[in-house]
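Enquirer: Let me begin by handing over the structure; questions about it come next.
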Amino acid sequence: MRQWDIFLFPFTEELPHPVVILSIDERAALRKNVNGRLCVSLRGRPLALHEVLLDQADGVDWETAVRCDLIHLLERDRFSERRGRVAPERQIQISRKLIECFRLRTY
386 MRQWDIFLFP FTEELPHPVV ILSIDERAAL RKNVNGRLCV SLRGRPLALH EVLLDQADGV
446 DWETAVRCDL IHLLERDRFS ERRGRVAPER QIQISRKLIE CFRLRTY
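Our numbering puts the first residue of the sequence shown at 386, with every later residue one more than the last.
Laid out in structure tokens, this is it:
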């Protein structure tokens, strides 16, 4: 498990959803919990202001939105199948969206 990988996670109240790993590689490999961002299917709806679009190039089966306004702390041992890895161009888009959503200063 590495930063920017996409894995399925069995959320309690829903079917498993893809999650983009946000934690650095050292935490993702060694710690019990990792930080991740939930991904959801677009299903014909428009992309929200706090979301970034993923597609087949990232390892998801259809257009999927990464929700960048919330970071989940998830147990590493509960993840199942690895689905892919976020493409470098979208890594930049997600990073910028996180800065925007959390109103982080970049000076």
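By construction, the Cβ of each residue, glycine as well, lies at the ideal position given by its N, Cα and C atoms. Predicted model only: the values in this text are computed from it and were never measured.
Quick one: what's residue 451 bridged to in DSSP?
Expert: Locating residue 451 in the sequence shown gives position 66, where the first residue counts as 1. DSSP, once it has assigned bridges, lists 424 and 437 as partnering residue 451.
Enquirer: Can you give me the start and stop residues for the alpha helix (DSSP H) that residue 477 sits inside?
Expert: By 1-based counting over the sequence shown, the position of residue 477 is 92. Here the alpha helix (DSSP H) through residue 477 covers 473-486.
Enquirer: Ends of the beta strand (DSSP E) at residue 415?
Expert: Residue numbering aside, residue 415 sits at position 30 when the sequence shown is read from its first letter. Premise fails: residue 415 lies in the alpha helix (DSSP H), 410-415, not in any beta strand (DSSP E).
Enquirer: Residue 463: which of 390, 396, 389 and 387 sits nearest, CA to CA?
Expert: Sequence index remark: in the sequence shown, residue 463 carries index 78 (1-based). Per the Cα distances, 396.
Enquirer: How long is the line joining the alpha carbons of residue 458 and residue 420, rounded to whole angstroms?
Expert: Position 73 of the sequence shown, counted from the first residue, corresponds to residue 458. Position 35 of the sequence shown, counted from the first residue, corresponds to residue 420. The straight-line gap from Cα to Cα measures roughly 5 angstroms.
Enquirer: With distances taken from CA atoms, which of 478, 411 and 440 is nearest residue 468?
Expert: Here the question's residue 468 lines up with position 83 in the sequence shown. Among 478, 411 and 440, the Cα nearest to that of residue 468 is on 440.
Enquirer: Pull up the distance between the alpha-carbon of residue 391 and that of residue 489, whole angstroms please.
Expert: One-based indexing of the sequence shown puts residue 391 at position 6. One-based indexing of the sequence shown puts residue 489 at position 104. Whole-angstrom Cα-Cα distance: 24 angstroms.
Enquirer: Give the secondary structure of residue 446 by DSSP, where H, G and I count as helix, E and B as strand, and everything else as coil.
Expert: Numbered from its first residue, the sequence shown carries residue 446 at position 61. Reduced to three states, the DSSP call for residue 446 is coil.
Enquirer: Who are the Cβ neighbours of residue 422 in its own chain at under 8 angstroms, not counting the five residues just before and after it?
Expert: Reading the sequence shown from its first residue, position 37 is the one you call residue 422. Here the set comprises 404, 405, 407, 451, 452, 453, 455, 456, 457 and 479.
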